[in-house]
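With my numbering applied, the sequence shown corresponds to residues 534 to 942, in that order.
First the structure, in the form of structure tokens, and then the observations on it.
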Amino acid sequence: MNGFSRWLRATRTAIVVPVVLALLVAAFLVVGGDTRTLTASFDRATAVYPGTEVRVMGVRIGEVTALVPDGNSVRVEMEYDAEYQLPAGARAAVVTPTLVADRYVQVFPAYAGGPEMPDGGDIPLDRTQTPIELDRMFSSLDDLATTLGPKEGETSGALDGLLSAGAAALDGNGALGSETIRNLSAAAETFAANRGPLFETVRDLAQITDTLAANDSTVEAFVQELAAVSEQFAGEREELEQVLASLADVLGSVEGFVGENREALSTDVELLTSLIERVDRQKEAVGLVVQKGPLALGNLAVAFEPTTGTFGSRLQIAPGIQFRPDQFLCQTLLNAGFPAFLCDVVTGLLEPLIPAAAPGTDLVDQVPPGGTTAPAPGASPDPLTPPPAALPGLDGPLSLLELLGGGPR
534 MNGFSRWLRA TRTAIVVPVV LALLVAAFLV VGGDTRTLTA SFDRATAVYP
584 GTEVRVMGVR IGEVTALVPD GNSVRVEMEY DAEYQLPAGA RAAVVTPTLV
634 ADRYVQVFPA YAGGPEMPDG GDIPLDRTQT PIELDRMFSS LDDLATTLGP
684 KEGETSGALD GLLSAGAAAL DGNGALGSET IRNLSAAAET FAANRGPLFE
734 TVRDLAQITD TLAANDSTVE AFVQELAAVS EQFAGEREEL EQVLASLADV
784 LGSVEGFVGE NREALSTDVE LLTSLIERVD RQKEAVGLVV QKGPLALGNL
834 AVAFEPTTGT FGSRLQIAPG IQFRPDQFLC QTLLNAGFPA FLCDVVTGLL
884 EPLIPAAAPG TDLVDQVPPG GTTAPAPGAS PDPLTPPPAA LPGLDGPLSL
934 LELLGGGPR
């Protein structure tokens, strides 16, 4: 029995110990043994060494493992606990708490949700910062003092001259300086009160600048053309001077003319204004004339008879009633009781202006139905169409210009 108990205890020990060790190793790997890597590029890494702490909001999460020169920057390799998360757009800075304390790498901001920095992530140079070194600050101050101080062989420098000039300018002008400062303060308050429109103006100017930058080639061509025009003007400056001098003389003459005829010009301007107002009131009629005028002139040209030098048109008394002038006048005379021989006289007078009728027709045949007038009692029913005859001295057809000018050629 005792032997069996010892064997059972030995067997339990052999089984439990490996299981416990396996659980411990697994817990170490899952809970505290996993780490992540991160790299960041700095323009310099003074006083940063392997083992330098990596912090988030002042809490240590890892350390620097290596520093590798990389062209004009230094690549700092870091390792941190995997239980900490970093944002995908994280930034890094080398921080110097005091002049004698060790530096550390601060990663910021703290993770608050969203995309996460992956394992092996990289922070580029434009998202890193380094402190100003004290020796570089002293060197810059020394350069500034040397620049402002007196040069070799001189007793005063630029700073001394500036202070002397400032003292001379402000001597006795304290009240004016105080007023200037108050005005500047009021101007600053005005700008602050109107910062919305001011910033809007700045944004508009930025858009204009962007547009000019996007059209750089066009702007460059415009500048070149403007330079060419300027060169041309420079080459013709004497001619331009003469033109400007002549223009000045003309303007002087115009000024004198206007001064002498001020009342007449005022009256003419008033009349012109009245005329323009009348034309404006009759703009529909003017538009109709402009629209129908070409058609009327075309009809006038078509109505001209070049063979006889006359207008072959008929007088329209009413719609559907048309007469030739000689027939109309003769019929009117007969209806009024005048002797018939007057028709011969009228016909003879109008003969050069009336186109000849077509063969086999007379004036009555050319009158549309309902357009005739009954003859007076005792009047001759014979047609009054005169025989066609050419104008005296007419060797050929008249032109429209000659006809409107009046008289035969």
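Here a beta-carbon is modelled for each residue, glycine too, at the ideal position from N, C-alpha and C.
For residue i, does the three-state DSSP call read helix, strand or coil?
| i | result |
| --- | --- |
| Ile-665 | coil |
| Ala-746 | helix |
| Arg-726 | The residue you asked about is not Arg; residue 726 is Ala in the sequence shown. In this structure, Ala-726 counts as helix in the three-state DSSP scheme. |
| Asp-603 | strand |
| Gln-860 | helix |
| Asp-576 | coil |
| Asp-877 | helix |
| Glu-610 | strand |
| Thr-585 | coil |
| Gln-824 | helix |
| Asp-944 | With the chain covering 534 to 942 only, the question about residue 944 has no answer from this structure. |
| Ala-754 | helix |
| Gln-815 | coil |
| Ala-626 | strand |
| Thr-568 | strand |
| Gln-775 | helix |
| Gln-765 | helix |
| Val-592 | strand |
| Val-640 | strand |
| Thr-865 | helix |
| Gly-903 | At Gly-903 the pLDDT is 39, less than 50, meaning the model places this residue with poor confidence; the figure from the coordinates comes in the next sentence. Gly-903 falls in the coil class under three-state DSSP. |
| Val-597 | strand |
| Glu-838 | strand |
Is the separation between the beta-carbon of residue i and that of residue j shorter than 8 Å?
| i | j | result |
| --- | --- | --- |
| Leu-1022 | Leu-866 | For the chain, the structure presents residues 534 to 942; residue 1022 sits outside this window and is missing. |
| Leu-571 | Met-670 | no |
| Ser-574 | Leu-709 | no |
| Gly-595 | Tyr-613 | yes |
| Met-611 | Val-587 | yes |
| Val-607 | Val-640 | no |
| Thr-880 | Cys-863 | yes |
| Pro-648 | Pro-620 | yes |
| Gly-690 | Leu-703 | no |
| Leu-759 | Val-752 | no |
| Val-802 | Val-812 | no |
| Val-791 | Leu-798 | yes |
| Phe-724 | Leu-731 | yes |
| Phe-766 | Leu-777 | no |
Examine the ligand ZN and report whether any of its heavy atoms sits within less than 7 Å of the Cβ of residue i.
| i | result |
| --- | --- |
| Leu-619 | What this structure holds is no ligand at all, so the ligand ZN is not there to describe. |
Taking the alpha-carbon of residue i as reference, which of the options has the nearest alpha-carbon?
| i | options | result |
| --- | --- | --- |
| Gly-604 | Asp-576, Asp-813, Gln-775 and Glu-712 | Asp-576 |
| Thr-579 | Glu-616, Glu-793, Asn-832 and Tyr-637 | Tyr-637 |
| Glu-616 | Thr-568, Gly-584 and Ala-836 | Thr-568 |
| Ala-678 | Glu-666, Asp-693 and Thr-629 | Asp-693 |
| Gly-653 | Ala-781, Gly-646, Asn-706 and Gln-618 | Gln-618 |
| Ile-656 | Gly-707, Gly-699 and Val-609 | Val-609 |
| Ala-634 | Thr-585, Ser-779, Glu-769 and Gly-707 | Thr-585 |
Which ranges would you report for the alpha helix (DSSP H) in the segment 666-741 if only whole runs of at least 4 residues count? 667-681, 691-703 and 707-726
Taking 8 Å as the threshold, find out whether the segment 618-630 comes into contact with the segment 660-669 through three or more Cβ pairs. yes
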